[in-house]
Amino acid sequence: MKEKQLVQDLLDFIDNSPSPYHAVKSLENQLASYDFEQLNEKHKWELKPEGRYYVIRDDSSIIFFTTGKKSLTDSGYKIFGAHTDSPGLKIKPNPVNNVEGLIRLGVEVYGGPILATFTDRDLSLAGRISYKTPSGKIASKLVHFDQPLLRLPNLAIHMNRTVNEEGLKLHKQNELALIISTSFETLLSQQYLIQLLEKASGIKEDQILSWELNVYDTQKGSFWGDKQQFYANSQLDNLASCHIGLQAILDESALKSENTLLCAFFDHEEIGSESTKGADGSFLPDILERIALAMDLNKEDYQRILANSFMISADMAHAYQPNFPAAYEPDHKVTVNKGPVIKVNANHRYSSECISEAMFILWCEQTNTPYQKYSHRTDIPCGSTIGPMTSAKLGIRTVDVGNPMWAMHSIRESAGVKDHTYMINVIKYFFSTE
Ligand code: CO
């Protein structure tokens, strides 16, 4: 695919993935069309050489892998990791609030979004519901409201005269509730949301027991710039990296590779990764060990596999924005459309070290891909990724990389078209090289 088509494919993937549950469903659909077979953690696994498999944990984390011809003990896993979640707003359990004839839904803040960017957008809801079946079992279903449903109208400047000097500050408890309707009834029960969920899901009101709903932006992805060399959408951090891993593993060169390749995409990165399905949980160690056991390898073999493995932890990087020069480390500015970024931090907020960094540079050189190195300002706390956690848990050599982007954690982030293809090319090479 050409550069632009690859990014269009990414934008379509994001537009079809308004929540981490939908992102995993989108990935699953693509994998199924390439004959990947689903494995259930509750069942006994029988893996074939040159097989294609995937495992989903709790609907929003996914690991997919191909088993190569080469000895796994000698060659290890080639792992590409990323996350499926993005910071934003989630609906509270009893969200319906009726004041002065306006119905609002109460929200909690998930992770660290730039809250001001959620104002004046055409927002809606997506996520999953759990319900009881006629036979008394629990089942789950994805829900997705297509139409703009909700809004957080800004305060007029006439009532907030210093907004341009002081910035838009929103009180998390009092000022984030989202308007959904008008009502002349004095009391409106919590049943209102459940009735909406019935309409969207087809599951009867009295069967619906619980839900997890994300607020998302209904605006579709777009290209911009005089040559349309940039693109914008929500959730680029980190669905852009998930899309890179998927494209790379589905490439002919990777599917023909004799290596055992694995992509691991986790929910809950934005809130610290500590959960059953997060990168700091048991999901990745469990799956890596079970693959080895299903191949009749023993504990020592498994430890040898880990020692021979390599992981690329991919998460987006902070591109230079010349309007805010003071925010950046002056000698480590990274630029959109100038290639993948290698992230380095002395305090190991990123997992890169001298050797893993050198290996990634070599792969860039071998694919004629430009690369850049990033270091955060010394006087500002640096963010982190899944890399330090998974490498600490497993002892796998890891490098932290990512494509440069603007406005990380805004509801509308943007990045460069060229970088997407650059990174895919390097990951394809990583997957198919010795
Ligand atoms: Co991220």
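For the sequence shown, numbering that gives the first Met the number 0 begins at 0 and goes up steadily by one. Virtual Cβ for every residue (Gly too), placed ideally from N, Cα, C. Since the structure is predicted, the reported quantities are computational estimates derived from the model, not experimental observations.
In this structure, does DSSP put residue i in helix, strand or coil?
i, result
"residue 440", "With the chain covering only 0 through 433, there is no way to say anything about residue 440."
"residue 281", "coil"
"residue 268", "helix"
"residue 157", "helix"
"residue 406", "coil"
"residue 412", "strand"
"residue 334", "coil"
"residue 198", "helix"
"residue 51", "strand"
"residue 328", "coil"
"residue 21", "helix"
To the nearest angstrom, how far is it from the Cα of residue i to the Cα of residue j?
i, j, result
"residue 226", "residue 12", "23 Å"
"residue 166", "residue 316", "24 Å"
"residue 363", "residue 300", "31 Å"
"residue 147", "residue 179", "10 Å"
"residue 97", "residue 189", "10 Å"
"residue 53", "residue 325", "45 Å"
"residue 230", "residue 287", "35 Å"
"residue 371", "residue 338", "7 Å"
"residue 350", "residue 344", "8 Å"
"residue 173", "residue 238", "31 Å"
"residue 120", "residue 219", "12 Å"
"residue 192", "residue 94", "8 Å"
"residue 407", "residue 414", "10 Å"
"residue 228", "residue 3", "9 Å"
Following a CB-centred definition, is residue i positioned closer than 8 Å to any heavy atom of the ligand CO?
i, result
"residue 236", "yes"
"residue 412", "no"
"residue 116", "no"
"residue 384", "yes"
"residue 267", "no"
"residue 315", "yes"
"residue 375", "no"
"residue 82", "yes"
Flag this pair as yes or no: are the beta carbons of residue i and residue j separated by less than 9 Å?
i, j, result
"residue 26", "residue 61", "yes"
"residue 309", "residue 243", "no"
"residue 312", "residue 85", "no"
"residue 142", "residue 124", "yes"
"residue 304", "residue 71", "yes"
"residue 248", "residue 63", "yes"
"residue 399", "residue 384", "yes"
"residue 175", "residue 150", "no"
"residue 374", "residue 412", "no"
"residue 221", "residue 402", "no"
"residue 22", "residue 264", "yes"
Per DSSP, which one or two residues make a beta bridge with residue i?
i, result
"residue 109", "87"
"residue 372", "341"
"residue 80", "263 and 312"
"residue 36", "52"
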